[in-house]
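In what follows, a single structure is set out as structure tokens and then discussed.
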Amino acid sequence: MPKYVGRFAPSPTGPLHAGSLVAALASWLDARAHGGRWLLRIEDVDTPRCVPGAHRLILQQLADCGLQADEAPMLQSQRAPQYESALQALVRAGLTYPCSCSRKDVESALQQLGRVKPRHGLLVYPGTCRPERGTPRTHKAGAWRLRVPGGALPWADRRLGPQAQDVAHNVGDFVLKRADGVYTYQLAVVVDDGQQGITHVVRGEDLSDNTARQIVLQTALGLPRPSYLHTPLVLGTNGEKLSKQNGAQALDTRAPLVALNAAAHVLGLRVQADTVPAWLAKAVRQWADHWASGGDLP
Ligand code: GLU
937 MPKYVGRFAP SPTGPLHAGS LVAALASWLD ARAHGGRWLL RIEDVDTPRC VPGAHRLILQ
997 QLADCGLQAD EAPMLQSQRA PQYESALQAL VRAGLTYPCS CSRKDVESAL QQLGRVKPRH
1057 GLLVYPGTCR PERGTPRTHK AGAWRLRVPG GALPWADRRL GPQAQDVAHN VGDFVLKRAD
1117 GVYTYQLAVV VDDGQQGITH VVRGEDLSDN TARQIVLQTA LGLPRPSYLH TPLVLGTNGE
1177 KLSKQNGAQA LDTRAPLVAL NAAAHVLGLR VQADTVPAWL AKAVRQWADH WASGGDLP
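So for the sequence shown, my numbering puts the first residue at 937; every next one is plus one.
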């Protein structure tokens, strides 16, 4: 068994909110309960979406809650060469192709195929630029897509149980590098989980839908598959998941035990202590007992 390495990987698009603390706390507890290491990664690959100062604020919020990483955080904004070399390995293996389709092109291709466009959700790429073999159909500067194999891909989630997704059918060949030169979340997260030697991914359930895509990429890049645990989401008053996009309030960590108790509640833990270190030590024991007894999270 490789030694446990976990991580928390916030995007600095704003401060942490109550929902992000649930994922941070769960990943920290799981690492500590396994006697493992816990790493941080600032997912600032999509620089235009990042908010100045958010990175420092997130680190401060985590520190206020006693969630200290075992190494200095990895910054995605500094890792373009690594993403490019992974992309080039996939190009050499014939697993990618350039694509010049705009979003509008994809929408009208789907319309011509009689496929209804989902109201929220993903546009399934119909493969317009995918060459059958050999020469790409376009050499125009554009995005790079991964050739996705067809068929259901099964994977296991420690909380949600057995999962499966046919990535070709539900997503299509997805983008690794955008036309504006930005490497995508999918590529960056897989390259970085591989680089940091992550054995256990613990993150919010809103991200579970990305897992099959990430497993496809891990396989293409010859990287090991971590174990996955997707944690319950915190819902706002409108019943939608709390997110920076729908205006979730910044987490107030001036009273860290209040914030930690709220996050623990979502994870089904009940912890009582007067100081943050005492609280965390008790929470680690509860988490370990819970998983040792084959328990289930909410
Ligand atoms: N950066 C992502 C987010 O903040 C998390 C990525 C991950 O944990 O895989 O939603």
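Where a beta carbon is used, it is the ideal one built from N, C-alpha and C, also for glycine. Keep in mind it's a predicted model, so treat the numbers as computed, not measured.
Proximity test, residue i beta-carbon vs the ligand GLU heavy atom, cut-off 6 Å
| i | result |
| --- | --- |
| alanine 945 | yes |
| valine 1118 | no |
| valine 1125 | yes |
| glutamate 979 | yes |
Collapsed DSSP secondary structure at residue i in the structure displayed
| i | result |
| --- | --- |
| leucine 1011 | strand |
| serine 1179 | coil |
| aspartate 1128 | helix |
| proline 984 | helix |
| alanine 1100 | strand |
| histidine 1136 | strand |
| leucine 1203 | coil |
| valine 1027 | helix |
| tyrosine 1019 | helix |
Residue interval of the alpha helix (DSSP H) (run including residue i)
| i | result |
| --- | --- |
| aspartate 1225 | 1212–1228 |
| threonine 1147 | 1147–1157 |
| glutamine 1048 | 1039–1048 |
| aspartate 1000 | 990–1000 |
Residue range of the beta strand (DSSP E) that includes residue i
| i | result |
| --- | --- |
| isoleucine 978 | 973–978 |
| arginine 943 | 941–944 |
| serine 1163 | 1163–1167 |
| leucine 1082 | 1079–1082 |
| valine 958 | It is not in any beta strand (DSSP E) - valine 958 instead sits in the alpha helix (DSSP H) that spans 954–969. |
Closest by C-alpha distance to residue i, when choosing among the options
| i | options | result |
| --- | --- | --- |
| leucine 1216 | Pro1234, Leu1193, Val1107 and Gly1230 | Leu1193 |
| alanine 1198 | Phe944, Ala954, Ala969 and Trp1227 | Ala954 |
| serine 1036 | Gly972, Arg1114 and Val1052 | Arg1114 |
| valine 1027 | Val1118, Arg1190, Glu1176 and Leu1112 | Leu1112 |
| aspartate 1145 | Ala1184, His1136, Gly1130 and Ala1100 | Ala1100 |
| glutamate 1141 | Gly1097, Asp1225, Ala1008 and Ala1045 | Gly1097 |
| arginine 1221 | Val987, Leu965 and His1136 | Leu965 |
| histidine 1136 | Trp974, Pro948, Leu961 and Pro946 | Trp974 |
| alanine 1224 | Ala990, Asp1129, Pro948 and Gly971 | Gly971 |
| leucine 1059 | Ala1016, Pro1067 and Asp1109 | Asp1109 |
Residue i: CB within 6 Å of a non-hydrogen atom of the ligand FAD
| i | result |
| --- | --- |
| arginine 1139 | As presented, the structure is devoid of the ligand FAD, carrying the ligand GLU as its sole ligands. |
CB-CB length for residue i against residue j, believed under 8 Å
| i | j | result |
| --- | --- | --- |
| tyrosine 1164 | aspartate 1232 | So it is not a contact: roughly 15 Å between Cβ atoms. |
| leucine 1011 | isoleucine 978 | 5 Å |
| leucine 1049 | proline 1062 | 6 Å |
| glycine 942 | valine 1138 | 6 Å |
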